[in-house]
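Below is one structure, written out as structure tokens; comments come after it.
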Amino acid sequence: MISKLLQRFIKHIDPFLMACLFFTLMVGLFVLYSASGQSASRVYGQGLNIVVAFSFLWVAANIAPNQLERVALPLYILGVFLLICVELFGTISHGAQRWLNLGVTTIQPSEIMRIAMPMMLAWYFSQREGKPKVADFAIGALLLGIPVALIMKQPDLGTSLLIAASGFYILFLAGLNWKFLLGGIVLFAASTPILWTLLHDYQRRRIEILLDPTQDPLGSGYHTIQAIIAIGSGGVAGKGWLNGTQTQLDFLPERTTDFIFAVFSEEFGFLGNLLLLTLFSLIILRGLVIASQAQSTFSRLLAGSITLTFFTYAFVNMGMVSGILPVVGVPLPLISYGGTSMVTICLSFGILMSIQTHKKLVAT
Amino acid sequence: MRSELKNFLHEQYYFRLRLGFTAFVVLFFFGILAFRFSYLQIKQYKHYQTLAENNRISLVPIVPNRGLILDKNGVVLAHNFFVYTLEITPSKVENLEQTIAEVSKLVEVSSLDRKRFNKLREESRNFESVPIRTHLNEVEAASFAVNHYRFPGVEIKSRLYRHYPLGKLGSHMVGYIGRINDRDLLNLEKEGVLSNYKGSDHVGKSGVEQFYEAQLHGTTGFQQVEIDADGRAVRVLSSTAPVPGSNLVLSIDSKIQEIAETAFGERRGALVAINPKTGEVLSYVSQPTFDPNLFVDGIDVDNWKLLNESLDKPLINRPIRGIYPPGSTFKPFVAMAGLEAGKRAPPFAIHDAGYFTLANSSHRYRDWKPGGHGMVDMQRAITISCDTFFYGLALELGIDKLTDFVRHFNFGRKTGIDIQGENAGLLPTPEWKSRRFKQPWYQGETVIVGIGQGYTLVTPLQLAQATATLANNGVAMKPHLVTKIQKAISNESQMIPLVVQDRIPLKPENIEIVKRGMIDVTLPGGTAASVGANAGYSIAAKTGTAQVVGIKQNAKYNASALDERHRDHALFVAYAPAEDPTIALAVIVENGGHGGSAAGPIARKVMDYYLLGKLPTPENTTSDKKEPPTLTENTGTTTPILAPEEELHD
């Protein structure tokens with residue numbers, strides 16, 4: 006009886022993906038304990054975040070993909086509407102206008118867009134029955150461009166780039182012509198020198214610092230320099246848990262959120278990094294397998310986009326902390342402290358599991 | 054069906070092809086990361102290990118000098134000086150107890166210092182250095198410096214200290230700075246200025262020091278220094294100079310402040326004086342005061358207990374946080390409301406028999422004068438503070454009309470003065486009562502609002518501001534303490550602009566009636582005749598008395614029999630010269646008894662100095678607490694506050 010209930014309860018959970026997620030989250034809690042200066046309350050708070058996020062995951066996993074397909078359009082319209090509301094009367098905090106005050110609570114509509122955007126595009130291309138025309142890609146690009154531009158204006162460069170990426174993945178997986186893809190890259194590369202001459206001196210200076218933080222060692226460069234020292238001094242095996250000098254002596258900034266990877270890297274070294282890369286790779290590969298086995302256009306596009314977006318998060322964060330990418334505010338998925346991003350990520354994994362477990366038993 | 058399936062398989066084939074390509078891209082990019090990690094952690098390991106261990110290059114913040122606070126004549130109210138402090142960084146010390154014991158052999162460490170150190174340690178993080186002794190003299194500093202090598206993690210630092218040379222004088226207004234705690238950190242982070250506080254240990258905690266924190270603090274500079282393994286600076290690589298904070302010039306004259314505070318003697322209370330034409334605050338008294346210097350280093354437990362647990366509540370900022378029933382000082386504003394509504398204009402008069410009753414009720418709302426005042430018109434009602442007159446007026450106006458009108462005089466809302474934590478007071482309305490108590494509003498409650506009793510509560514600042522607005526014929530100037538901000542390096546000064554907060558459209562003839570009534574208050578026959586005697590300029594005023602404990606119907610008020618702390622609060626508002634006012638003020642003496650005799654003389658001393666430059670004579674400065682109240686100065690102390698059950702009969 007109980008085992009039957011349990012069976013029903015986990016019916017829509019993908020065991021392999023779940024195991025990888027769970028293990029990565031546990032690693033994250035250990036790192037957080039060290040990064041927060043051994044604050045049990047921080048770890049407890051993150052534990053609560055995980056519990057909440059897992060309940061979202063479970064609910065999402067139990068909703069069939071064709072039901073998701075039905076809400077794609079309304080959710081997208083709602084998201085765009087809320088973004089416009091933010092633009093008109095949002096709350097300003099930390100110099101950016103991202104929040105909407107609903108009286109009882111404040112919400113950040115760009116978080117809704119992280120899920121709504123890929124769902125919308127997946128829905129749009131599924132309507133085109135696998136044979137999209139050039140015009141469809143133009144419309145897709147427009148649907149993608151509106152929210153991205155609104156979020157970029159807030160300004161929230163990190164989130165807007167990630168949402169742009171999640172939409173681009175759908176366009177690519179839906180069969181965007183290679184010629185357009187290569188053409189776009191060539192066009193962009195060719196136009197940069199011209200754009201460069203059109204910019205003001207101070208704008209150029211800002212871009213230079215974004216690309217090379219060491220030019221501004223007192224400002225944003227300080228973060229990157231200290232993070233690289235932390236990673237490099239970790240060596241092959243790391244300094245050991247709770248023993249990272251950069252971390253414990255307060256040299257590392259934002260070490261529970263965006264720069265938590267430097268803490269991990271300092272204390273667990275190159276071997277730890279390889280382990281984390283392996284974990285992330287397993288999660289991503291599992292996601293790609295789910296996408297390849299999905300039965301409808303909608304679900305395969307959505308699964309592919311969710312998986313590749315997760316990859317983008319991880320790559321951009323580790324790249325920026327280790328100094329090969331400019332610093333944009335992107336947390337390390339499943340590891341960084343924070344409730345909202347945890348919920349968004351787990352929700353998207355719930356959708357992945359739903360796609361995997363709601364397959365009809367037909368041989369293809 | 055066949056073609057559809059074929060189509061599907063075809064689509065899936067291309068999709069998988071693209072998916073395979075992305076899998077390759079994912080692994081390729083992760084490969085780049087792995088390569089980057091191996092470069093940093095294997096190839097360059099030695100380099101970064103050295104950097105981390107020595108932390109060769111370090112950024113040392115240079116804390117800017119905090120701006121000075123000056124009174125209007127340039128008298129320094131807050132400044133900075135350098136002192137040597139002995140500081141310990143707990144994370145760098147192996148055995149804290151032993152180290153402190155060893156250190157105290159060289160430099161005296163009292164038990165008070167120990168207590169403060171322990172308190173500060175709890176509030177700061179482990180890697181922050183915490184002072185164990187401050188104000189070291191040269192000999193102590195030198196004797197420690199010689200032995201410095203024996204104490205890793207213990208350092209002598211030269212720090213800027215804030216000092217308030219006038220000590221207790223005006224401490225609620227100037228405020229104080231204190232060590233940055235977790236809550237301050239959160240606030241600074243919210244305001245986005247946290248990086249400017251690297252190296253700063255102090256932040257404004259109250260008064261002007263808190264409100265103008267952004268201007269006073271200045272911009273932190275940085276030095277990039279090369280340091281050796283022991284953490285000593287070897288060489289300065291580059292340096293950005295700090296920008297000192299701006300100086301603040303207040304509208305306060307510290308001499309007036311001193312006269313006002315001395316006039317209070319041992320009594321508790323508050324005084325606010327405002328220039329009605331500009332809104333400049335001329336004096337800001339909260340009695341008793343405290344020495345703000347105690348808070349700069351973090352206050353020790355004993356002194357904190359003394360201040361915090363004192364029955365006199367010296368830490369309360371009475372002018373903005375103390376809320377009192379306004380009593381009869383509320384009447385001029387009720388009068389204004391009546392006249393503007395077209396009620397009680399001359400020659401209207403009532404015959405006062407000494408009490409007022411509501412229709413269908415036997416309850417008597419008594420006047421302070423048994424037997425009544427006889428024939429009373431509006432002007433005389435203010436002069437003699439006739440309760441009966443105002444009971445009837447308030448009832449006829451109705452509570453909504455009355456409160457809507459007097460709200461323009463800043464009752465029931467914040468004045469916007471440049472000190473944080475202002476209380477808005479309370480103007481009761483039926484909506485407020487049903488929200489607060491879930492009870493309906495009774496007519497009897499409207500009646501007593503007419504004489505400033507009941508739920509009505511005001512701060513001394515509100516009362517002063519209302520008086521200033523009346524004196525300025527209805528033009529409310531925003532009250533402010535700071536008149537000028539002087540930039541440190543350029544010496545540029547920026548004047549704080551005068552702000553008109555409200556223009557109440559009052560009819561000149563109505564203003565004339567209320568003002569005449571208030572001028573007569575300080576003339577023979579008025580409730581504060583002694584305050585106006587031999588002044589040499591004319592004073593418009595109103596006395597008031599606010600009950601602390603409700604007196605039962607039929608019970609007699611006997612001041613001497615009551616416990617001192619249950620005696621009435623004495624209130625006094627005034628402006629002068631009456632023809633062309635340059636000062637308006639409100640005085641409250643807690644448990645002082647009668648407004649005219651207890652609070653009036655304090656106001657007189659302040660006005661005498663401000664208008665005539667006259668210093669109080671020695672006998673004037675003694676407390677007139679014991680002076681028996683005379684009949685002419687009686688202001689209506691026996692106004693009953695109804696117990697709730699009695700109100701049900703209304």
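Protein sequence lines correspond, in order, to chains A and B.
The numbering of the first sequence is the working numbering, which starts it at 6 and goes up by one.
The numbering of the second sequence is the working numbering, which starts it at 54 and goes up by one.
A virtual CB, placed ideally from N, CA and C, is assigned to each residue, including glycine.
These numbers come from a predicted model, not from an experiment.
| Item | Value |
| --- | --- |
| Rounded separation between N54/A and L638/B - CA only | 56 Å |
| For S546/B, the residue or residues it bridges with in DSSP | Q539/B |
| Whole runs of the alpha helix (DSSP H) within the region 233 to 294 of chain A, excluding any shorter than 4 residues | 250 to 253 |
| Cβ of Y66/B within 8 Å of any chain A Cβ | no |
| Residue-level contact to chain A via CB, L93/B, 8 Å cutoff | yes |
| A412/B versus K595/B - alpha carbon distance | 30 Å |
| Min CB distance A282/B to chain A below 8 Å | Summary for A282/B: the model assigns pLDDT 45, below 50, so the residue's position carries little reliability; its value from the coordinates is reported in the next sentence. Not an interface residue. |
| Uninterrupted alpha helix (DSSP H) stretches inside the region 148 to 227 of chain B (no shorter than 4 residues) | 149 to 159, 164 to 176, 191 to 199 and 224 to 227 |
| In DSSP terms, what A594/B is bridged to | A627/B |
| Residue-chain proximity (N71/A, chain B), Cβ-Cβ < 8 Å | no |
| Complete beta strand (DSSP E) runs within the region 110 to 192 of chain A (minimum length 3 residues, chain order) | none |
| Straight-line Cα distance separating L324/B from T345/A | 51 Å |
| Three-state secondary structure assigned by DSSP to S253/B | coil |
| Which residues DSSP lists as bridging Q749/B, in chain order | Because chain B is modelled from 54 through 703, residue 749/B falls outside the range shown and cannot be assessed. |
| Chain B within 8 Å of A296/A, Cβ atoms only | yes |
| Expected contact under 8 Å - CB spacing of A76/B and L279/A to nearest Å | Actually they are not in contact, since the Cβ atoms of A76/B and L279/A sit about 19 Å apart, beyond 8 Å. |
| Cβ-heavy atom distance, L514/B to the ligand MG, below 7 Å | Ligands in the displayed structure: none, and consequently the ligand MG is not present. |
| Stretch pair the region 290 to 299 of chain B + the region 271 to 278 of chain B: three plus CB contacts closer than 8 Å | yes |
| Helix, strand or coil at H17/A [DSSP, three-state] | coil |
| Exposure of K9/A, with buried meaning 16 or more beta-carbon neighbours within 10 Å | exposed |
| Contact under 8 Å by Cβ, I185/B with F170/B | yes |
| Under 8 Å between C-beta atoms of R652/B and I641/B | In the sequence as presented, Arg is not what sits at residue 652/B; that position holds Ala. In contact: A652/B and I641/B (Cβ atoms closer than 8 Å). |
| Any C-beta of chain B under 8 Å from that of A368/A | Here the model assigns A368/A a pLDDT of 44, short of 50, so the residue's position is not dependable, and the following value carries that caveat. False, the Cβ-Cβ gap to chain B never drops below 8 Å. |
| Short Cβ contact (8 Å threshold) for G231/B with F348/B | yes |
| Spatial distance of Q51/A from R236/B (CA atoms) | 22 Å |
| Within-8 Å CB hit, Q51/A to chain B | no |
| Interface flag, T370/A vs chain B, CB-CB below 8 Å | Since the displayed chain A opens at 6 and closes at 369, residue 370/A lies outside it and no answer follows. |
| Short CB-CB distance (under 8 Å) between T520/B and chain A | no |
| Contact list for F83/B against chain A, beta-carbon separation under 8 Å | L282, F285, S286 and F320 |
| C-beta neighbour in chain B for N278/A, strict 8 Å | yes |
| Cut-off 8 Å between Cβ atoms - residues of its own chain near F264/A, not counting five sequence neighbours on either side | H228, A232, L257, P258 and V326 |
| E449/B - containing alpha helix (DSSP H), residue span | D440 to L450 |
| Between the CA atoms of S304/B and Q606/B - distance to the nearest angstrom | For Q606/B, the predicted structure reports a pLDDT of 44, less than 50, and the residue's modelled location is therefore unreliable. The matter cannot be settled from this model. |
| C-beta neighbour in chain A for L173/B, strict 8 Å | no |
| is_contact[R89/B, chain A] using C-beta, thresh 8 Å | yes |
| Secondary structure of F61/B, DSSP reduced to three states | helix |
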